[in-house]
């Protein structure tokens with residue numbers, strides 16, 4: 012199973028990704044967790060030790076030059092667009108039980124359609140993990156799916172878009188749905204987060220008609236406090252996370 016979790020900043024997508032990952036890990040699943048969000052908070056949300064010492068792959072200048080033949084940022088130079096990456100998940104991840112985490116980092120864009128060495132390495136690594144690894148893959152992505160190329164997207168089982176009751180969150184979800192459909196992702200699911208009432212649920216359903224609603228998670232002050240403090244997300248509504256996963260797996 013390969014999942015990408017995305018949504019507008021602040022809706023709690025990293026927390027949702029962490030809860031999904033921990034639910035699957037508790038069942039003994041081997042998981043490759045990919046943090047492809049510039050804020051890179053998935054390690055702390057998972058409670059992994061040493062998260063503050065992780066160097067994002069997009070910032071590993073020596074590795075980028077070694078694998079692509081060009082230094083980071085050299086978008087006008089010749090470099091390998093399909094670098095060797097099959098050994099990197101083991102070398103560049105931190106582990107905790109059955110969870111293996113890689114932090115991709117931010118690829119600085121030099122213009123529309125810019126292709127640079129660090130982008131080539133990151134995309135090749137994501138593609139390798141999605142296509143050739145048997146582990147469950149859960150990707151925490153920014154408000155978009157830039158790390159997924161059109162080819163890689165076809166192997167993603169579902170994009171999980173996290174929303175909260177609010178216009179901007181809904182607008183971002185609509186943009187993500189359109190982009191996902193444009194690059195060939197057929198299964199797109201919505202998770203409503205920070206829901207306080209039936210009115211909030213109705214707002215999300217009404218403003219995302221014809222969407223695949225996977226479920227809703229209630230507003231939880233403990234989750235907000237943990238996020239603000241950079242601590243592991245406490246187990247929250249495990250039965251609801253289980254219900255959401257069952258709908259994803261079907």
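In this note's numbering, the protein residues as written are 12 to 261.
Note that CB positions come from ideal geometry on N, CA and C, so glycine has one too.
For residue 47, which residues from the same chain have a beta carbon less than 6 angstroms from its beta carbon, with the 5 sequence-adjacent residues on both sides left out?
115, 150, 152 and 158
From which residue to which residue does the beta strand (DSSP E) around residue 114 run?
110 to 114
Alpha carbon to alpha carbon, what distance is there between residue 19 and residue 178?
11 angstroms
Got a sec: does the ligand ADP put a non-hydrogen atom nearer than 7 angstroms to the Cβ of residue 141?
The ligand ADP is absent from the structure shown, which contains no ligand whatsoever.
Short check: CB of residue 67 to CB of residue 44, under 8 angstroms?
no
Can you tell me whether residue 139 is buried or exposed? The criterion is at least 16 other CB atoms within 10 Å of its CB, across all chains shown.
buried
How many angstroms separate the CA atom of residue 93 from the CA atom of residue 137?
12 angstroms
Look up residue 226 in the DSSP assignment and give the residues it is bridged to.
Partner(s): 202.
If you compare alpha carbons, which of 193, 215, 147 and 40 is closest to residue 165?
193
Name the one or two DSSP bridge partners that residue 13 has.
148
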